[in-house]
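Position 278 of the first sequence, counted from 1, bears residue number 283 in my numbering, the numbering being contiguous throughout.
For glycine and all other residues, C-beta sits at the position ideal for the given N, C-alpha and C.
Have a look at the structure below, then the notes.
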Amino acid sequence: MLRTHNCGELNKDHIGQTVTLCGWVDTIRDFGQGQFIDLRDRYGRTQVTIGPNSPDEVKQVVGQFHRECVVQVTGIVSARPEGQQNEKIATGDIEIEAQQAVLLNSCPNPPFLPSQAELPNEDLRLKYRYLDLRRKEMQETLALRSRVTKGIRDYFEANQFVDIETPILGRSTPEGARDYLVPSRVHHGEFYALPQSPQIYKQIMMIAGYDRYVQIARCFRDEDLRADRQPEFTQLDMEMSFVDADDVMGMIDGLMKKLAHDLLGIDIELPLPRMTYHEAMTRFGHDAPDLRFGMEIVDCTDLAAQTEFRVFRGVADAGQFVRGINAVGAASLFSRKRIDELTTYVQEDFSAKGLAWFKVNDEGELASPIAKNFEAAILEEIKSRMDAKPGDLLLFIADSWDVSCKALNGLRKKMGAELELYDDQQMHFSWVVEFPMFDHDEEEDRWVAKHHPFTAPLESDLEQLETDPGQARAQAYDLVINGYEAGGGTIRIHDSGIQQQVFGLLGMDEQQARERFGFLLDALKFGAPPHGGIALGIDRVVMLFAGLDNIRDCITFPKTQRATDLMTQAPSGVDETQLDELAISVIQPED
RNA sequence: GGGGCCGUAGCUCAAUUGGUUAGAGUACCGGACUGUCGAUCCGGUGGUUGGGGGUUCGAGUCCCCUCGGCCUCGCCA
Numbered sequence: 006m007l008r009t010h011n012c013g014e015l016n017k018d019h020i021g022q023t024v025t026l027c028g029w030v031d032t033i034r035d036f037g038q039g040q041f042i043d044l045r046d047r048y049g050r051t052q053v054t055i056g057p058n059s060p061d062e063v064k065q066v067v068g069q070f071h072r073e074c075v076v077q078v079t080g081i082v083s084a085r086p087e088g089q090q091n092e093k094i095a096t097g098d099i100e101i102e103a104q105q106a107v108l109l110n111s112c113p114n115p116p117f118l119p120s121q122a123e124l125p126n127e128d129l130r131l132k133y134r135y136l137d138l139r140r141k142e143m144q145e146t147l148a149l150r151s152r153v154t155k156g157i158r159d160y161f162e163a164n165q166f167v168d169i170e171t172p173i174l175g176r177s178t179p180e181g182a183r184d185y186l187v188p189s190r191v192h193h194g195e196f197y198a199l200p201q202s203p204q205i206y207k208q209i210m211m212i213a214g215y216d217r218y219v220q221i222a223r224c225f226r227d228e229d230l231r232a233d234r235q236p237e238f239t240q241l242d243m244e245m246s247f248v249d250a251d252d253v254m255g256m257i258d259g260l261m262k263k264l265a266h267d268l269l270g271i272d273i274e275l276p277l278p279r280m281t282y283h284e285a286m287t288r289f290g291h292d293a294p295d296l297r298f299g300m301e302i303v304d305c306t307d308l309a310a311q312t313e314f315r316v317f318r319g320v321a322d323a324g325q326f327v328r329g330i331n332a333v334g335a336a337s338l339f340s341r342k343r344i345d346e347l348t349t350y351v352q353e354d355f356s357a358k359g360l361a362w363f364k365v366n367d368e369g370e371l372a373s374p375i376a377k378n379f380e381a382a383i384l385e386e387i388k389s390r391m392d393a394k395p396g397d398l399l400l401f402i403a404d405s406w407d408v409s410c411k412a413l414n415g416l417r418k419k420m421g422a423e424l425e426l427y428d429d430q431q432m433h434f435s436w437v438v439e440f441p442m443f444d445h446d447e448e449e450d451r452w453v454a455k456h457h458p459f460t461a462p463l464e465s466d467l468e469q470l471e472t473d474p475g476q477a478r479a480q481a482y483d484l485v486i487n488g489y490e491a492g493g494g495t496i497r498i499h500d501s502g503i504q505q506q507v508f509g510l511l512g513m514d515e516q517q518a519r520e521r522f523g524f525l526l527d528a529l530k531f532g533a534p535p536h537g538g539i540a541l542g543i544d545r546v547v548m549l550f551a552g553l554d555n556i557r558d559c560i561t562f563p564k565t566q567r568a569t570d571l572m573t574q575a576p577s578g579v580d581e582t583q584l585d586e587l588a589i590s591v592i593q594p595e596d
């Protein structure tokens, strides 16, 4: 070992000892007659002193020190003079009087310093990721991430789960996200797909009798990125046999309680609250509502039907919806100009036809360019239904169910953040359950699985699979943390007949189903136990536990929004010979 | 594929209506200083204003194209 201690552990108890530290030069404070050098590693910072009486060799070596050099210092731990202690750091009571110093490796002036106050632009952080990862915040986040995965492994180990690995090179499946493809050298023209999740493998493991499976699995989806989405990400993937939805949720309840307690010091009450998909959409317009604040959606369609205001009346008569939210106290914050911006926002982002609004003035009256179109009694009813008080801003969307949900959810999130309706430190865990089995794809006029095609319907809704697939609900559950979907799972179909039926609804005839999933249909016949499971996005969980607002800050080497790695410059072109072996030729786009 | 924000010194930012030699803080280099810890003080180096084209007497500023980063809709569970 080149060191006897790290840079964060020395204190008064070590005074008098001779120690050797290694680390990066964080800062040098030079006084001519002597220097103070802060040595830094991931454990902390320790002050090294060079004074007039220090050995000449030390003075000479230290003269070559620059920021971010890697150095080794041997010296005596001594108490700092009275009044010179630094309470900000753990080692602030002591310092090292250097007796020996070695420059282990030099460093040119870096593009940014890990300890600088102003965070550089993200592209620079990504290009020099090793410098960025030296920052305390990044080191703390990655340490938290490590404790999350350790906590997960301990928890499932204690609950008799078996940690099982599944293939990375698998078979492409047409459902769901776009696959990352890997060309086969042995079979020209054929491709493996990287897993979007180990879904089918874990179901096969249930059939194989491994009734409690868990894996921390890397997953890949070739879709566009977002602040909370990366093309490769990590899932806590688990599956259980002989369970119902309550059992799976209960198991995750216990995990969340443990992680929140151990890592955040928060005690959460179990079971976590649950709400149906329908309720979530009705009250919040989103299937992963942020429940740290209220501002619930209020339906005023019936009132709109009674007005002369054409926009409202027309929408109500057409069987669509007039719903709104009350941004409490926001009237003075939102000028006409800012409300216009909100209107543009809902129009451009959600194709809403417009945004109707009322400000509640000091007299308690609803003030708005459209107010004259409403009878007094209707205005009163709107006020009371929305619990409107002077100073409030009421925002209404008159549109289809789908658009009103999306637009009101968008507005609610904006308003919640703007009005600071929640504490950033607060954590809220809940479940959303009973998702629909299918969404209707308008373009292709067919049903698509809302979760995935192996999801079991509610037993009570089995009949509706035949009569009204759009109404059939699934044994599905999503874990929601602070308005983010942290994970989702389902009870699976373990009956090959029902599975065939669902494939049929998804537009796959028997032959297509056999081609794509024949192995699973076969396996389901060979004694498949009832089973179900869930996958949690570990990156998102860490992001939320760390209080971050983007997923890249808890991933060691993330991709940019255009899915590139600025450090390694991936993706890149490859040699012709590599392409030849794979029988691949690249078509250059014409333009 | 669509919408939006951004790109100026190594870094973070400023630069009036299009108008003199593009500034500040910090970093870096040199000097001073015996207790600092965001050290302080003095001095200095440092610019293809992301790139290309255009309008203009004159462009960091206006227009077009392009490259890159971020946010977002679509996409994705």
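Using a 10 Å radius around the Cβ and a threshold of 16 neighbouring Cβ atoms, would you call Phe36 buried or exposed? exposed
Assign Cys410 to one of three DSSP states: helix, strand, or coil. helix
Segment limits, alpha helix (DSSP H) that includes His283: Tyr282 to Phe289
Where in the region 208-274 do unbroken runs of the beta strand (DSSP E), each at least 3 residues long, occur, reported from the N-terminal end onward? 217-225 and 237-246
Can you list, in chain order, the residues of its chain with a C-beta nearer than 6 Å to that of Phe326? Leave out the 5 residues immediately preceding and following it. Thr306, Trp406 and Ser409
So within the region 136-170, which uninterrupted alpha helix (DSSP H) runs reach at least 4 residues, ignoring any that extend past its ends? 141-163
According to DSSP, is Ile190 part of a helix, a strand, or is it coil? For clarity, residue 190 is Arg in the given sequence; the question names Ile instead. If DSSP states are grouped into helix, strand and coil, Arg190 belongs with coil.
Label Arg343 either buried or exposed according to how many other C-beta atoms from any shown protein chain fall within 10 Å of its C-beta, with 16 as the threshold for buried. exposed
Verify whether the separation of the beta carbon atoms of Ile560 and Arg545 is less than 8 Å. no
With a Cβ-Cβ cutoff of 8 Å, do Leu526 and Arg519 count as a contact? yes
Within 10 angstroms of the Cβ of Gln476, are there 16 or more other Cβ atoms? Answer buried if so, exposed if not. exposed
Please report the distance separating the alpha-carbon of His445 from that of Gln583. 43 Å
Suppose contacts are defined by Cβ-Cβ distances below 8 Å. Is Pro441 in contact with Arg478 by that definition? yes
In the structure shown, what three-state DSSP assignment does Asp596 receive? No answer about Asp596 holds up, because its pLDDT of 45 lies below 50 and its placement is not dependable.
From the DSSP output, which residues share a beta bridge with Asp444? Val453
Do the CB positions of Glu228 and Arg183 come within less than 8 Å of each other? yes
Reducing DSSP to helix, strand and coil, say where His433 ends up. coil
Would you call Met286 buried or exposed, if buried means 16 or more other Cβ atoms sit within 10 Å of its Cβ? buried
Sequence-distant residues of the same chain with beta carbon closer than 7 Å to Asp367, five excluded per side: Pro395
Output the distance between the C-alpha atoms of Ile55 and Gln40, rounded to the nearest integer angstrom. 5 Å
Inter-residue CB distance, Ser246 and Pro535 (contact presumed, cutoff 8 Å): 7 Å
Bridge partners of Glu102, per DSSP? Thr54 and Ile81
Roughly how many whole angstroms lie between the Cα atoms of Gly255 and Ala481? 14 Å
Rounded distance between the beta-carbons of Arg297 and Leu413, thought under 8 Å: Contact doesn't hold; Cβ gap of about 17 Å is too wide.
Report the CB separation of Leu149 from Leu268 in whole angstroms; it is logged as a contact under 8 Å. 7 Å
In three-state terms, what does DSSP make of Phe314? coil
What does the alpha-carbon distance come out to for the pair Gln235 and Lys564? 7 Å
contact_flag[the region 218-227, the region 184-199] where n(CB pairs < 8 Å) is 3 or more: yes
Starting from Tyr489 and walking both ways along the alpha helix (DSSP H), at which residues does that stretch end? First-last for Tyr489: Tyr489 to Ile496, but that is the beta strand (DSSP E), not the alpha helix (DSSP H).
Between the C-alpha atoms of Asn11 and Cys74, what's the straight-line distance to the nearest angstrom? 16 Å
I need the straight-line Cα distance from Asp596 to Ile273, nearest angstrom please. Reliability of the predicted coordinates at Asp596 is poor, the pLDDT of 45 falling under 50, and the value obtained from them is presented with this limitation in mind. Answer to the nearest angstrom: the Cα atoms are 58 Å apart.
Rounded straight-line distance, which links the Cα of Phe443 to that of Val453: 5 Å
Please give the ranges of any alpha helix (DSSP H) in the region 531-579, keeping only runs that are unbroken, at least 4 residues long and fully inside the region. 543-550
Are the beta-carbon atoms belonging to Ala332 and Asp397 less than 8 Å from one another? yes
What are the boundary residues of the beta strand (DSSP E) that Val327 is part of? Phe326 to Ala332
Do the region 93-102 and the region 76-83 make contact, defined as three or more Cβ pairs closer than 8 Å? yes
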